Structures are given as C-alpha cells and as structure tokens.
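Undergrad:
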Amino acid sequence: MNFDYERDTRKFYQDDTIAQRYHRMFAAPSGWRNLPSRLVARRERRTIESLLARVPHRTALDIPAGTGKLAETFAALGTRVVAADVSASMLKVAEAEYARIGYGRVAFRVEDAGDLSGFGDGEFEVVVCLRLMHRVPAALRRKMLDEFARVARCAIVSFGIENRFHKLRRAARAAVFGGLHGSLCFCSKQQACAELEPAFEIVDRVWIAPAISQEMVFLLKSKTASVHAEAA
Ligand SMILES: C[S@@+](CC[C@H](N)C(=O)[O-])C[C@H]1O[C@@H](n2cnc3c(N)ncnc32)[C@H](O)[C@@H]1O
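The sequence shown begins at -11 in our numbering and counts up by one.
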C-alpha cells in the first residue's frame, strides 16, 4: 500500500489505542522488541536538550508534541512550553506524561503544523519539530517550515534522511517485519537543506543515531521572524 499523508500521518494518530501503543514503544522500561525505539528516544532527548541549550529561550512551541517525549527535556531547562499536536489522543497521553514528572509550565493545544494562524509572529523563541517531516510530502513540508519561521526566531527540526545504506536497511526491515516500505517522505540531505534555506539559516545539523535511525536534526535561525515582527 502506498503512503498517504492524510491517512498515514494526519489521521493515523487520532486514536487512543494508537497513542498509547506509540508511547509504550519508547517509554516502556524494558523489553527487547522496543529497545531500538528506546535508544533512539534517549538520543533524541539528549540531542534536543543540547541544541536547546544553545538557543537562549524561555518559551517553546513543541509541534508535534506527540505523547510528551520531550517533557523531561523542557523540564530540565525550565522552558515554558506549548505542546501542540493535531491529535487530541496523543495530547491526552502527553498531559499524563507532564503530570507524571510534575512539570506544570505547559499548555496543550490541538493545532495543525500547516496552519499556525492561532499563533502570532515571533510568539515563541524556539519551535521544536521532532519526527514529523519524514511523514509529510515536500510541498506541505515547505508550508510548515514557513509557519515555524514565522512564529519563532529559531527552530529545531528533524528530517528523515535517505542514503543508500538506509534504503537497503529499511527494505530489509519491511521484508522481515512488514509495514510501509519505500514510500515514507524521506529525502536527501541536499534536498532537506534546499527546503530549509528559503526560510532559515542552517546553524548546525546532527545525526541522532545513524546506525539505527534516519533522523537528522537541524538547528535553524529564522530569516523571516524578525521581518514579521518589525512589520507588526
Ligand atoms: C511520529 S509522531 C512524533 C511525535 C513526537 N514529536 C515524538 O517524537 O514522539 C508524529 C506526530 O505528528 C502528529 N501530526 C501529524 N500531522 C500533523 C500536523 N499536520 N500538525 C501537527 N501534528 C501532526 C501526529 O498526531 C503524531 O503525534
């Protein structure tokens, strides 16, 4: 079955059972099957924390916040967070996660990353977007990136990068475990940079865990946030 953004990304997580299963994948304390997800999630949190530490900030928009993977990261930095996602089911689990760690400087909002008109120009100091771009077609990705650059001065955005090694490994995994193969919205590093450059200056880029994940995280400075703020 071919990948379809509406079905496989936007609507897919709008289900309580899927949301709980997604959370268990990386939050369950033990188990071999989800070990790679746990390792990747740990690397993601560490990477985002170290990149956030380089961006002087008090406020952040975490979109998609999912089930609150970054709750402890924001708590460690004392960030005031808006945790947004198109799925109320995912946010319900995120709310429980923030409550579990006892961090209250957070507001939850159902929002679509393709239309952030509910937020003002430069409303945040930083936007964090983890694990969405690889499930979004390029044209819509550019719309989302423009929105991130409008609502914040800086952004931290992960892309799913495809090289030959990743392609082979993904095909082998799909053959063994099943699931979607060959059709998520991965792109080359050059394509990711070309998509980012109209709206952002690329400050840095970091692989999360190249042997087991295709995720590369970009630290970005908006080219448009200050223009929007001046015009307002
Ligand atoms: C793979 S999960 C990643 C969640 C979280 N960032 C993490 O790393 O655990 C993808 C998330 O994107 C959300 N999503 C899909 N389309 C979206 C959109 N257009 N705007 C906001 N969130 C979206 C889904 O509901 C889901 O929570």
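Quick reminder that beta carbons are idealized off the backbone N, C-alpha and C, glycines included. Since the structure is predicted, the reported quantities are computational estimates derived from the model, not experimental observations.
So for Ser201, helix, strand or coil by DSSP?
TA: On the sequence shown, position 213 is the one that residue 201 refers to. Of the three classes helix, strand and coil, the one that applies to Ser201 here is coil, per DSSP.
Undergrad: What residues are listed by DSSP as bridge partners for Thr35?
TA: Here residue 35 corresponds to residue number 47 of the sequence shown, with the count starting at 1. In the DSSP output, where bridge partners are listed per residue, Thr35 has none listed.
Undergrad: Are the beta-carbon atoms of Ala41 and Leu79 separated by less than 8 Å?
TA: In the sequence shown, counting from the first residue as 1, residue 41 sits at position 53. In the sequence shown, counting from the first residue as 1, residue 79 sits at position 91. Contact flag unset, no.
Undergrad: Go through its chain and collect everything with a Cβ distance to Cys181's Cβ below 8 Å, but skip five positions before and after it.
TA: Counted from its first residue, the sequence shown places residue 181 at position 193. Around Cys181: Ile190.
Undergrad: Would you tell me roughly how many angstroms separate the C-alpha atoms of Tyr91 and Ala59, rounded to the nearest one?
TA: In the sequence shown, counting from the first residue as 1, residue 91 sits at position 103. In the sequence shown, counting from the first residue as 1, residue 59 sits at position 71. The alpha-carbon atoms of Tyr91 and Ala59 are separated by roughly 8 Å.
Undergrad: Ala48 bridges to which residues according to DSSP?
TA: Counted from its first residue, the sequence shown places residue 48 at position 60. Answer is Val69, Val114.
Undergrad: Out of Ile36, Phe0, Phe(-9), Arg(-2), which has the shortest C-alpha to C-alpha gap to Asp192?
TA: Counting from one through the sequence shown, the residue named residue 192 turns up at place 204. For Asp192, the nearest C-alpha among the options comes from Ile36.
Undergrad: Give a yes or no on whether the C-beta atoms belonging to Phe113 and Arg138 are separated by under 8 Å.
TA: The residue labelled residue 113 in the question sits at position 125 within the sequence shown. The residue labelled residue 138 in the question sits at position 150 within the sequence shown. One point to set straight first is that residue 113 is Glu, not Phe, in the sequence displayed. It is not a contact, given that the beta carbons lie outside the stated cut-off.
Undergrad: What did DSSP end up calling Val124 once you bin it into helix, strand or coil?
TA: Counting from 1 along the sequence shown, the entry for residue 124 is found at position 136. DSSP places Val124 in coil when its eight states are reduced to three.
Undergrad: Looking at the unbroken beta strand (DSSP E) that takes in Ala95, where does it start and where does it end?
TA: Sequence index remark: in the sequence shown, residue 95 carries index 107 (1-based). First-last of the beta strand (DSSP E) with Ala95: 94 to 98.
Undergrad: Could you say which of Gly19, Ala162, Gly102, Gly56 lies nearest to Ala127 if we only look at CA atoms?
TA: Within the sequence shown, numbered from 1, the residue matching residue 127 stands at position 139. Answer by Cα proximity: Gly102.
Undergrad: Return the bridge partner residues of Val194 from the DSSP annotation.
TA: In the sequence shown, the residue the question calls residue 194 occupies position 206. For Val194, which the question treats as bridged, DSSP gives the partners Val205.
Undergrad: How close, in whole Å, do the beta carbons of Val70 and Pro52 come, if the pair is a contact with beta carbons under 8 Å?
TA: Here residue 70 refers to the residue found at position 82 when the sequence shown is read from its first residue. Here residue 52 refers to the residue found at position 64 when the sequence shown is read from its first residue. In fact, because the Cβ distance is near 12 Å, the residues do not count as touching under 8 Å.
Undergrad: By Cβ distance below 7 Å, which residues in the same chain neighbour Trp195 in space, the five residues on each side in sequence not counted?
TA: The sequence position of residue 195 within the sequence shown is 207, counting from 1. Here the set comprises Met204.
Undergrad: Check whether the Cβ atoms of Phe188 and Ala143 sit closer than 8 Å, and answer yes or no.
TA: Residue numbering aside, residue 188 sits at position 200 when the sequence shown is read from its first letter. Residue numbering aside, residue 143 sits at position 155 when the sequence shown is read from its first letter. Contact flag set, yes.
Undergrad: How big is the Cα-Cα spacing for Cys117 and Glu111?
TA: For this step, residue 117 is matched to residue 129 along the sequence shown. For this step, residue 111 is matched to residue 123 along the sequence shown. Roughly 16 Å between the two C-alpha positions.
Undergrad: Output the distance between the C-alpha atoms of Asp(-4) and Lys209, rounded to the nearest integer angstrom.
TA: The sequence position of residue -4 within the sequence shown is 8, counting from 1. The sequence position of residue 209 within the sequence shown is 221, counting from 1. Distance between the alpha carbons of Asp(-4) and Lys209: 30 Å.
Undergrad: Comparing alpha-carbon positions, which option in Tyr86, Lys57, Pro17, Asp3 lies nearest Ala29?
TA: As a working note, residue 29 is residue 41 in the sequence shown. Out of Tyr86, Lys57, Pro17, Asp3, Lys57 has the C-alpha closest to the C-alpha of Ala29.
Undergrad: Would you kindly report the start and end of the unbroken alpha helix (DSSP H) that includes Val164?
TA: The residue you call residue 164 lines up with position 176 of the sequence shown. Per DSSP, Val164 belongs to the alpha helix (DSSP H) from 152 to 165.
Undergrad: Determine the contact status of Arg68 and Thr47, defining contact as a CB-CB distance below 8 Å.
TA: Along the sequence shown, read from residue 1 onward, the residue named residue 68 stands at position 80. Along the sequence shown, read from residue 1 onward, the residue named residue 47 stands at position 59. Yes. Within cutoff.
Undergrad: Please confirm whether any heavy atom of ligand 3 lies closer than 7 Å to the CB of Ala160.
TA: The model on display carries ligand 1 but not ligand 3.
Undergrad: Within the same chain, show all residues whose beta-carbon is closer than 8 Å to that of His154, passing over the 5 residues directly before and after it, in chain order.
TA: Translated into positions along the sequence shown, residue 154 becomes position 166. Same-chain partners within the cutoff: Phe174, Gln202.
Undergrad: Select from Gly106, Arg21, Leu23, Glu32 the residue whose C-alpha is nearest the C-alpha of Asp206.
TA: The residue you call residue 206 lines up with position 218 of the sequence shown. Looking at the sequence provided, one finds Phe at residue 206 rather than Asp. Of Gly106, Arg21, Leu23, Glu32, the residue nearest in Cα terms is Glu32.
Undergrad: Please confirm whether any heavy atom of ligand 1 lies closer than 7 Å to the CB of Met78.
TA: Taking the first residue of the sequence shown as 1, we reach residue 78 at position 90. Yes, ligand 1 has a heavy atom inside 7 Å of this Cβ.
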